[in-house]
Amino acid sequence: MVNWYAVGLAAALVYIVPKRYFIQKVLNYYRFRSLNMPPKTIVVLLDDIGLNYEKARLYAKKSARIIIGGQNRIKIETARKELIRLTKNKNVISIQVNRFDKNSLKTFAQEVMDSEVAVDAIINNTGKELADLDIIFKTQDLARERFENHCLNFLYVGLPDDL
Numbered sequence: 193m194v195n196w197y198a199v200g201l202a203a204a205l206v207y208i209v210p211k212r213y214f215i216q217k218v219l220n221y222y223r224f225r226s227l228n229m230p231p232k233t234i235v236v237l238l239d240d241i242g243l244n245y246e247k248a249r250l251y252a253k254k255s256a257r258i259i260i261g262g263q264n265r266i267k268i269e270t271a272r273k274e275l276i277r278l279t280k281n282k283n284v285i286s287i288q289v290n291r292f293d294k295n296s297l298k299t300f301a302q303e304v305m306d307s308e309v310a311v312d313a314i315i316n317n318t319g320k321e322l323a324d325l326d327i328i329f330k331t332q333d334l335a336r337e338r339f340e341n342h343c344l345n346f347l348y349v350g351l352p353d354d355l
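Quick look at the structure:
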């Protein structure tokens, strides 16, 4: 005669207990995965407090390391302090950079490369829409805006030496 109690106990030990242990491990991994993941590094280029600032705020809430770059030192310091106050994230730093000066871009890129292992995202949405009449570059500012919209993204990422 088969001892069904022993068969049930053996089935529980062989099949159910390891499966439950495995499922519990998987659930704990997904529950606490943000504690196991290293923080992301995001470079945000600000000229005006707007869309880029809001994206930086969302990343700062997720405890990412934020590097703010911009021309106006007062604006980027204000944005940095505001991000720290709103998100309680202390990993926000600000670096002044002139986006139209090649040497300033190189020093900015060198500072970021020296302080960070990897950069996970670059946020640069400072482009402006130009009207059809403005395509003829009558002023230097319009030519600068067109250059900014189309070429500076490559300079942020590539930074070739021989321009």
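In the numbering used here, the protein residues as written are 193 to 355. Cβ atoms here follow ideal geometry from the backbone N, Cα and C, with glycine treated the same way.
Member of the options whose CA lies at the smallest distance from the CA of residue i
i       : options                               : result
Tyr-251 : Ser-286, Thr-279 and Leu-297          : Thr-279
Asp-312 : Ala-256, Lys-294, Ala-301 and Gln-216 : Ala-256
Gln-263 : Arg-291, Arg-212, Gln-216 and Asn-195 : Arg-291
Glu-303 : Tyr-207, Gly-261 and Leu-201          : Gly-261
Proximity below 9 Å, CB of residue i to CB of residue j
i       : j       : result
Ser-286 : Ile-259 : yes
Val-236 : Tyr-245 : yes
Lys-267 : Leu-238 : yes
Lys-273 : Lys-254 : no
Sequence-distant residues of the same chain with beta carbon closer than 6 Å to residue i, five excluded per side
i       : result
Arg-265 : Gln-288
Lys-194 : Residue 194 is actually Val in this sequence, not Lys. None.
Residue i versus residue j - alpha carbon distance
i       : j       : result
Asn-295 : Arg-277 : 32 Å
Ala-301 : Asn-316 : 14 Å
Ala-248 : Leu-297 : 20 Å
Ala-203 : Arg-212 : 13 Å
Tyr-207 : Arg-223 : 24 Å
Gly-200 : Leu-219 : 26 Å
Met-305 : Asp-293 : 18 Å
Tyr-221 : Leu-275 : 30 Å
Cutoff 8 Å; reference residue i; Cβ partners in own chain excluding five residues on either side
i       : result
Ala-310 : Thr-233
Ile-215 : none
Neighbourhood of residue i by C-beta distance below 7 Å, restricted to the same chain and skipping five residues each side
i       : result
Ala-271 : Leu-238, Ile-241, Tyr-245 and Ile-260
Glu-308 : Thr-233
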